[in-house]
Amino acid sequence: MLQPHELNLPAEQRRKRLYILAGLWLTVVAVLVLFHSVLLPFASAALIAYLVHPLVTRLSRIQVRGRNIPRWVAILLIYALFFLVAYLFFITMVPQLYRELARISRDGVAFLNSLTPDRVHVLADRAEDWLRANGIPLAIATSDDIRTGAPTTGLSVNLEKTIQDTALSLSALAREHLGDIVTVSRNIIASVVAGVFMMFFMLMVAAFFSIDAQAIVRYFTSLVPVEYAADANLLLERIDRSLSGVVRGQVTICVVNGILTGIGLLLFGVKFTFLLATIATVFSLIPIFGTILSSVPIVLIALADGFQKGMAILLWIIGIHALEAYFLNPKIMGSAARIHPVIVAFSLIAGEKMFGLVGALFAVPVASIVVACFDYARLKAQPKLGEVPVHLETPK
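Here's what the structure looks like:
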C-alpha cells in the first residue's frame with residue numbers, strides 16, 4: 002500500500018527512483034550471468050533450504066521452557082536426522098547394492114563368454130521366428146547365412162557381427178579407461194573427496210539461507226517500487242504455491258515411487274531388487290523421462306526370467322504411475338503446481354541441451370517459476386478470465 006509521502010512525490014523523483022531500482026536489478030542479473038559457472042552449489046543450497054523450510058518453521062515454533070527453539074537449532078536437528086538416515090542407508094543398503102553390481106558384472110561376463118557362434122545362431126533363429134510370427138519384416142542373419150546367401154525378406158541385420166563389434170568396442174573402452182589402475186583410483190578418491198566437500202558446503206550455505214530466509218526476502222522486496230509491492234507479494238505467493246508442489250511434491254512422490262517399485266520387485270522375485278529400486282527412486286526426480294528410463298531395465302531384466310514375469314512387473318509399474326497421476330499428484334502437489342506435460346517435456350529437453358544432467362534436474366523448478374510469472378501476468382492483464390490457470394491443467 003502506498004504511503005502518503007509516496008503519493009506526494011513529484012513525478013521526476015518517482016521516475017528517478019524507478020531508474021535506480023531498475024539499475025540495481027540489472028546489476029543483480031549481470032552478476033548472475035557473469036558468474037553463472039559457480040551458481041550450481043548456491044542454487045542447490047537454495048533448493049535444499051526451500052525444501053526444509055516448512056519443517057524448520059514447525060520446529061522453531063516448539064517451545065522449551067517457555068522459549069521457541071531457535072532456527073539454527075532446528076536446522077541442526079534436521080541435519081542430524083539426515084546424517085542418521087544416510088548412515089543407516091550406507092550400512093544396510095550399500096553392501097547389498099555392491100553385491101548386486103558385482104553379480105551384474107559376473108553375469109554379464111558369463112553371458113558374453115556364452116555367445117559362441119552356435120549360441121548366436123540359435124538366438125537369431127528364435128528372434129527371427131518371433132518377429133515373423135508378429136508380422137515384422139526383419140531378418141536376423143548370422144555370418145553363415147550371409148556367406149551361404151540364405152534368402153531373406155525385408156530388412157536384414159547381421160546379429161553375430163553386431164555382437165562382435167559391440168564386444169570389441171566395450172573391450173577397447175575398458176582398456177582405454179581402466180588401463181591405469183593408479184590413475185583411476187586417484188580420480189575416484191579425488192571425486193569422492195570433492196563430492197563430500199561440496200555436499201557439506203551446500204548444507205552450510207543452505208543453513209545460512211534458511212536462518213536468514215525472511216531477511217533475504219525482505220531485502221529483495223525492498224528493491225521493488227512501493228506502488229508495486231502488493232503485486233510483488235501476490236506473485237511471490239503464486240510462485241511459492243507452484244514451486245512447493247514441484248520441489249517438495251516431487252521429492253515425496255519419488256520416495257513413494259521407489260518404495261512401491263521395491264515392493265513390486267520383491268513380490269515378483271526380480272533380480273537386482275535394491276539396485277533397480279534405487280535407480281527408480283533417483284530417476285523419479287526427473288518427471289516423465291526419468292520414469293521411462295528407470296522402467297526399461299526393470300522390464301528387460303524381468304523379461305529375461307520369463308514373459309509372464311515381465312508383463313506382471315510392467316503392469317505393476319503402470320499401476321504405480323496411475324496412482325501417482327490420479328491420486329498422489331492432486332493430493333501432494335495440488336492443482337496450483339500442475340504443469341502441462343508438454344511444458345515439462347520442453348523444459349527438460351531445453352535444460353539438458355543447455356546444461357546437461359544438472360539442467361534437466363533444475364528444468365522443472367525453473368519452468369514452474371516462469372509459468373507462475375507468465376500466468377500471473379496473463380490474469381493481471383485479463384482479470385475476467387478468473388483465477389484458474391487453464392493452460393496449466395494436466396489432462397486426465
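Those letters in the sequence shown? Residues 2 to 397, by the working numbering. Glycine included, every Cβ here is placed at the ideal spot set by N, Cα and C. Treat the numbers as computed from the prediction; the structure is a model and nothing was measured.
In or out: residue 190 buried (at least 16 other Cβ within 10 Å) or exposed? exposed
Indicate the three-state DSSP secondary structure (helix, strand or coil) for residue 97 in the structure shown. helix
Considering only their Cβ atoms, is the gap separating residue 258 from residue 222 smaller than 9 Å? no
Counting only the same chain and skipping the five closest in sequence on each side, list residues whose C-beta sits under 7 Å from that of residue 98. 275, 276, 279
So, are the CB atoms of residue 295 and residue 262 less than 9 Å apart? yes
Let's test the definition: count the other Cβ atoms within 10 Å of the Cβ of residue 251 and tell me whether it reaches 16, buried, or not, exposed. buried
Distance, Cα to Cα, residue 329 vs residue 202? 33 Å
Report yes or no: do the segment 204-220 and the segment 46-62 share at least 3 C-beta pairs separated by less than 8 Å? yes
Check whether the segment 224-238 touches the segment 61-74, taking contact to mean three or more Cβ pairs, one atom from each stretch, closer than 8 Å. no
Please classify residue 265 as buried or exposed, where buried requires at least 16 other C-beta atoms within 10 Å of its C-beta. buried
Cβ-based neighbour list, residue 79, same chain, cut-off 7 Å, excluding 5 preceding and 5 following: 53, 56, 57
For residue 300, does the three-state DSSP call read helix, strand or coil? helix
Since residue 251 is in the alpha helix (DSSP H), which residue starts that stretch and which ends it? 251-268
Whole-number beta carbon distance between residue 287 and residue 361, since they are thought to touch under 8 Å: 6 Å
In its own chain, which residues sit with a C-beta less than 7 Å from the C-beta of residue 300, not counting the 5 before and 5 after it? 311, 314, 315
Are the beta-carbon atoms belonging to residue 282 and residue 248 less than 9 Å from one another? no
Just to confirm my understanding: we take residue 356, look at its own chain, exclude 5 residues before and 5 after, and list those with CB closer than 7 Å. What are they? none
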